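Shown next, in structure tokens, is the structure this report addresses.
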Amino acid sequence: MHAPRGGMSEDTIVVEGYSDADFAGDRVDRKSVSGGVLMVCGMVVGWICKKQSSVALSTMEAEFVAASQVTAEMLGIVELLSEIGIKVKVPYKLHVDTSRR
Numbered sequence: 554m555h556a557p558r559g560g561m562s563e564d565t566i567v568v569e570g571y572s573d574a575d576f577a578g579d580r581v582d583r584k585s586v587s588g589g590v591l592m593v594c595g596m597v598v599g600w601i602c603k604k605q606s607s608v609a610l611s612t613m614e615a616e617f618v619a620a621s622q623v624t625a626e627m628l629g630i631v632e633l634l635s636e637i638g639i640k641v642k643v644p645y646k647l648h649v650d651t652s653r654r
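Mind the numbering: the sequence shown is residues 554 to 654 in the working numbering, read in order.
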């Protein structure tokens with residue numbers, strides 16, 4: 554990680570997530586696909602691209618499932634950082650793409 558002059562304070566560690574989903578993107582089984590990016594201090598540390606396990610009945614439901622998956626991964630990263638003694642700025646930020654196409 555890039556440390557600002559004078560070192561990093563605990564308030565500089567920011568965990569963010571970005572999520573999106575395609576509603577019923579698979580034309581065969583009508584399941585949606587979740588996508589997401591996990592970032593720590595502006596650097597990508599992980600990503601997700603996974604077919605959802607159930608058929609979503611709306612765009613909102615597909616987006617909610619994707620947001621839940623990214624949130625679970627974010628909490629895992631926060632837990633890992635706390636186990637090695639790094640405090641993370643709260644609240645954590647989750648950005649959800651809710652635009653209609």
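Virtual Cβ for every residue (Gly too), placed ideally from N, Cα, C.
Just so you know, these numbers come straight off a predicted model, no measurement behind them.
Item, Value
"Identity of the residues DSSP links to D575 by a beta bridge", "V586"
"Same chain only: Cβ atoms within 8 Å of Q605, ignoring 5 sequence neighbours per side", "A574, K584, S585, V586, S587, A615, V618 and A619"
"As assigned by DSSP and simplified to three states, the class of G560", "Note that G560 has pLDDT 49, beneath the 50 cutoff, so the model's placement of it is unreliable and the number below is only indicative. In this structure, G560 counts as coil in the three-state DSSP scheme."
"CA-to-CA distance, V643 to S572, given in whole angstroms", "19 Å"
"Contact set for G560: own chain, Cβ-Cβ below 6 Å, skip 5 residues either direction", "For G560, the predicted model reports a pLDDT of 49, less than 50, meaning its position is unreliable and no value from the coordinates is stated."
"Environment of V641 [buried if 16+ CB atoms lie within 10 Å]", "buried"
"Distance between beta carbons of V593 and I566, contact taken as under 8 Å", "7 Å"
"Nearest-angstrom Cβ-Cβ length linking I639 and L591, presumed shorter than 8 Å", "Their Cβ separation, rounded to whole angstroms, is 15 Å, which puts I639 and L591 out of contact at 8 Å."
"Buried versus exposed call for E626 [16 or more other C-beta atoms within 10 Å across all chains shown]", "buried"
"Length of the line joining the Cα atoms of D579 and C602", "13 Å"
"In DSSP terms, what M596 is bridged to", "V593"
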